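All the letters of the sequence shown, read from the start, carry residue numbers 1 to 71 under the UniProt record's numbering. Note that beta-carbon positions come from the ideal geometry of N, C-alpha and C, so glycine has one too. All values reported here derive from a predicted model rather than from experimental measurement.
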Amino acid sequence: MNIKQRPNHKIYIQVLRQMSPEKRLLKAFELSEFTRQLFIHGLHKRFPQLPDEEFRKILMERLNKCHNRNY
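Okay, structure coming up:
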């Protein structure tokens with residue numbers, strides 16, 4: 001049972017199907033980078049006082065936890 005409404009899902013699928021494989025891949029890269037930047041921004045808001053080196057250490061630890069270990 002899907003509780004969440006998705007009124008534009010059919011339009012979204014149509015748009016994806018009209019894109020070339022190259023454009024879909026570029027969009028995937030764009031969304032991945034956007035997600036990464038959003039994650040970093042949120043981490044900066046959570047730890048605003050950390051020095052760059054400490055922040056980078058926490059960032060790398062958290063990104064490592066997110067890594068898909070199936071490969």
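Which residue's Cα is closest to the Cα of residue i: the options?
i	options	result
residue 46	20, 8, 59, 19	59
residue 55	26, 30, 44	44
Would you mind giving the Cβ-Cβ distance between residue i and residue j, rounded to the nearest angstrom? I have them listed as a contact below 8 Å.
i	j	result
residue 16	residue 6	The Cβ separation is near 14 Å, so there is no contact.
Original post:
Is the region 7-23 close to the region 38-50, with three or more CB pairs under 8 Å?
Top reply: Taking 8 Å as the limit for Cβ pairs, the verdict is that the region 38-50 does not touch the region 7-23.
Subject >> Ordered list of alpha helix (DSSP H) runs contained in the region 22-63, each at least 4 residues >> reply: Counting whole runs of 4 or more residues, the region 22-63 contains no alpha helix (DSSP H) stretch at all.
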